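In the numbering used here, the protein residues as written are 315 to 1087.
Beta carbons are placed, not taken as given, at the ideal position from N, Cα and C, and that holds for glycine.
Treat the numbers as computed from the prediction; the structure is a model and nothing was measured.
Input: a single structure, listed below in C-alpha cells.
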Amino acid sequence: MTAAADMTSPTLSPGAEASFLTPSNGNDDRSIHSEQDTDSEDDSVLGAARTSADIREHDRRVLLEEDERDQMLTENRLGRRGSGLALPNPFKKLMGKTYGKVSAESGPSSESLSNNADSEEKERRRQRRARRQDKKDRLTEAAAHGEDRGLMYEMEEGFLKEGSATGESSNTEDLSDVDKNELHGVNDKSKQRRKWGRLCYISVLILLAFVLLSLGAWKLSMGRRKIPVQTMFNNGTALFAPTTILISLDGFRADFLQRGITPRLNSFVAEGISPVYMLPSFPSVTFPNHYTLATGLYPESHGIVGNTFWDPELKREFYYTDPSRSMQPEWWGGEPIWVTAEKQGIRTAIHMWPGSEAHIMDLEPSFLDTFKSKEPLLDKVDRVLELLDKPGQEDESALIADMRPQLIAAYVPNVDSAGHKYGPNSTEMRATISSVDNMIDQLFIGLEERNLTEVVNVVIVSDHGMATTSTDRLVQLDDLIDLNLIEHTDGWPLYGLRPKSADDLMPLYDTLSAAAKAHGNFEVYLRDTNMPERYHFSKNERIAPLWIVPNTGWAIVTKKDFNIATAKAEGKEYHPKGLHGYDHENPLMRAIFIARGPAFPHSPNSRVEVFRKCHDPYPSLPLTSIENTEVYNIVCDTLNLTPQPNNGTLRLPLKPVGAHSPETTPEEPLDPLPSDGPSTSKPTSTVDPSIDRPVVSDVPGVDRPVISQGTPETPTASKVPGAPETTGEAGAGDGIWDMLDGDYIAGKLEEFRNWLSGFLGSSGGAGQKEKEE
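See the structure below:
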C-alpha cells in the first residue's frame, strides 16, 4: 500500500508553487473529488477555506461523481462476466448511495472482481487526498494573495498545462466551472435588477413627494403667485410696474360733460382717448352693470340680472341693499377683474366696488374697502394716493402685505344719489357733478406731484345715465292685472312678473299686451318668446318670465307704493326724481369711458369708434360708442393680464378714428314730455326689460320711493326730449311738438351757442352755456 502510494503520489519539489503547474499521476479521467462521508478530516480543513458557494458546488460534484462511479463499476463488471446482463439493483432508485450486492450466481470471478475494485478505489482515494492537499495549499495561498497565481501564470503563458492542478479537469469539473460562471452571472443580473428596482422605487417616491409638495405649494399660493417679469416705469424716486386706476362715477350720464361744469373731465377727454359715449348693459341699473364692468359678461351670463331678483333654484331673493341677501358668492358668476389679477400675481385694491365684498371664488383683493355711503369725496382721493405711495417691488425691505397694488378700482356713488333724490337737471345735481369733477382734479394733481402722469393708467367710466320722473308718467299696475296671481315681482321701474301658476302666464301676457296697445307708454315681453335679442336678457332662469317695460322716463308702480289718482288729487310729487333701468341704448342712459396713460399711446383728444353688435334703434346716432362689456378686456390689457372668456371683443391698442369735435358730439338729450292722459304718448323707443326694485337710489342704504307734497314740476323748453314722445291718438301729429321736435330745438340751441361763443369768446360762451343749463 505504501509503495503504491509512493508510485501514485508525486514528489513535490521545494518550490510549492511550482507543483501547482505540474501534472499529477493517475488516471486523467478520474474525479478529483471524494465522498464526503469517508474524508471528514480533509473536509473540515477544506471547509475552513471554502465559501458557501464552494460548498454547494462541492456537494453537486459529489453527487455527479457517485453517478459516474456507479457507471464505471457497472461497466467493469460487465467486462469481467461472460454475460452481457448487468446485475439488477432494485434499491438504486430509492437509495442513491446504496448499491445492491452482486448475486452469487454471477460466476467464480466475483470475489476477485470485488477485491480489485476495492484496491482500485483505495488507490483513487490516495490520489484524491494528495490532490486535495495540493488544492488546499493553493486555495490557502490564493486567499492570502487575493488571486489564483497559478491560474494567472498559465493564462499569461497562453494555455493551460495538461495535467496541471488548474488544467486537469474532468468533464464534470469543466461543467462545474461553466455552471459556476452561469450562477455568478445570474446572481449578478439578479443583484443588478434588485439594484435598479430599488433605484426606481426610490425615484418614484421622490417624484411623488415632489408632486405632492408642488400641489400643496400651488394650493397655498393660488392667487398669490409670483409676479411675472414686467416693464417697469420710473417716476424718479421709485419703480412702478404697470399700474391702472379704474374709477366708476355711478349715474354719470355722458352728456353731463357738455354742461360746462366739468373742466377737469373735459381736459381729461382732450388728453386721452374715448368714445363719444359708452353703452351700459341691460338692465341699466347699478349692480348688474358694475359687475359687467368687472367681468366683461352680460348680466344674463354673470347672474346679477338686477338690483333685486328671485332665484328659483336657490329659492331666495337677491336684494342689493341687504348684505345678508346679496354678499354671498353663490350669487356672483364669472370672474371679476380683481380675482383675475390676484390669480396672476397682481395685487389689487378695491374701494367700495359693488360685489367686492362677496368673497367671490374665495379670493380677496389685497386691499378691500367696504361700502361707506357718507364718505367724503376727497377721502377717496387720499385713499388712492395712499395706495400709490406704498412701497413697490424695488423695495426689498417691504412686507408683501403692504406692497403697492397695481390695480386700484374705486366706486363713487354721489352723482347717482343726487340724481335719484333731486333729478338729473336739478341745481343739486349740478353741484354734485361739479364736486365730483373737483375730486378728479385733486387726484390728477396728486399724480402730477408724484410724477406719475405718464406712469399710471387712469380709466374713468360710469355705469348708466339718468332720466327725470314725473307723476304724469306713471303706470298703475293694479289697474292692469290682478296682483293676487303674482308670486314674485322683480325690478323697478320695470316689472318682472312670476305668476303663481304657469297656466296664468299667457293670459297675463295677453291682458298686458292689450293694455300696452291702449296705453302706449310701456311694452310687454315674454322672456322665452319675444325678448329683444339686443338686450341679452333671456338666457337665465333668474330673469322673470314676463316683463312690463315702460318708456324712458315712465315708471310702473303699485297702489301700495304710490296711488297715482290720490297723489294727483292731493298735488303730491313722485319720488325718486330721477330713474334709470330703461332701454340701455336710449340717449338718457348713456355712460362714459375715458382713458389715458402708457397703455393708451394715442394722440390727445382721440376718438375711438367701435362697431355695433346689433341693430341700432336710434339710427340717427353716430356709431362711435363702446359697450361696457369691453372694459374688462381693456383693463386686463393695461396690466398684461390674461382675461377670462367674456362677451367683449375689443383689445388694446384702441384704434382712433379721429379727434373729438363739435361735429362728432351727439346732441344733448332732453327729458321726456309729461303725459296728459293714459294714452297721450307713445314709446320713444323699443325698450327691454330691466331688473330693479323701487328704491330712491342704487346706492345701498337708500330705500323705497316716497310721496312728497308740492307742485308737480313743469318742464321748461330746455327739457324737451331729444327723441320726443308723440301721442298715440289719431291726428296727434298736428300738434306743435311735431314741429318743434328734439332734433330741431337741439340744433338751434347748438347754433346759438356757437354764435355766442364766437361773439363773446370761449369764456363767455362757457358762461352762457352754464346759464342756459
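| Check | Outcome |
| --- | --- |
| Reduced DSSP category for W646 - H, G, I as helix; E, B as strand; rest coil | coil |
| Own chain partners of M666 with C-beta closer than 6 Å, once the 5 adjacent residues on each side are dropped | D683, F685 and Y725 |
| Under the three-state DSSP convention, the category T825 falls into | helix |
| Inter-residue CB distance, T782 and K891 (contact presumed, cutoff 8 Å) | 7 Å |
| Beta-carbon proximity check, F623 vs H898, cutoff 7 Å | no |
| Closest residue to R630 among L713, D985, H802 and G895 (Cα-Cα distance) | H802 |
| Distance, I800 Cα to F566 Cα | 35 Å |
| Candidates V773, L791 and L721: closest to V583 by CA position | V773 |
| C-alpha gap between V884 and D985, whole angstroms | The residue asked about is misnamed: residue 884 is Glu in this sequence, not Val. About 25 Å. |
| Backbone CA spacing between S756 and L691 [nearest angstrom] | It should be pointed out that residue 756 corresponds to Gln in this sequence rather than to Ser. Their Cα atoms are separated by approximately 10 Å. |
| Sub-7 Å separation of N900 and L766 beta-carbons | no |
| Local conformation of F596 per DSSP, three classes | coil |
| P933, buried or exposed, once every other Cβ within 10 Å from all chains shown has been counted against 16 | In this prediction, P933 has a pLDDT of 46, which is less than 50 and means its spatial position is unreliable; what the coordinates show is noted afterwards. P933 is exposed by the Cβ-count criterion. |
| Proximity to Y823 [Cα-Cα], best of W861, A523, N835 and R856 | W861 |
| Beta-carbon gap between T825 and I795 smaller than 7 Å | yes |
| For N919, the nearest candidate out of G972, G511, M753 and D751 (CA to CA) | G972 |
| Per-residue burial, D754 [other beta carbons within 10 Å of its own, 16 or more giving buried] | The identity of residue 754 in the sequence shown is Ile, whereas the question assumes Asp. I754 should be labelled buried. |
| Distance CB(G706)-CB(R697) smaller than 7 Å | no |
| Which listed residue (S366, F632, K886 and Y896) has its alpha carbon closest to that of M780 | Y896 |
| For I948 and I940, the rounded distance between their alpha carbons | 12 Å |
| Touch test, the segment 954-965 against the segment 903-911, Cβ-Cβ under 8 Å, three pairs minimum | no |
| Length of the line joining the Cα atoms of Y809 and V863 | 7 Å |
| Segment contact flag, the segment 835-846 with the segment 650-661, C-beta cutoff 8 Å, min 3 pairs | no |
| C-beta atoms of L953 and P679 nearer than 7 Å | no |
| Straight-line Cα distance separating F632 from T662 | 27 Å |
| Neighbourhood of E585 by C-beta distance below 7 Å, restricted to the same chain and skipping five residues each side | R910 and P918 |
| C-alpha gap between R744 and K886, whole angstroms | 24 Å |
| Integer Cβ distance of D777 from L607, believed to fall under 8 Å | 7 Å |
| Separation of F681 from G805, as counted between CA atoms | 32 Å |
| 3 or more residues per run - each beta strand (DSSP E) lying fully within the segment 738-793 | 770-775 and 788-790 |
| Close Cβ partners of N580 (< 7 Å) along its chain, the five nearest in sequence each way excluded | L571 |
| Under 7 Å between C-beta atoms of T664 and A723 | This sequence places Ile at residue 664; Thr is not what is there. Cβ atoms of I664 and A723: closer than 7 Å. |
| Beta-carbon proximity check, Y946 vs G610, cutoff 7 Å | yes |
| Residue-chain proximity (K873, chain C), Cβ-Cβ < 7 Å | The chain inventory of the structure shown lacks chain C, comprising one protein chain alone. |
| Beta carbon of P983 nearer than 7 Å to that of L902 | yes |
| Which listed residue (A444, E435 and K874) has its alpha carbon closest to that of L387 | E435 |
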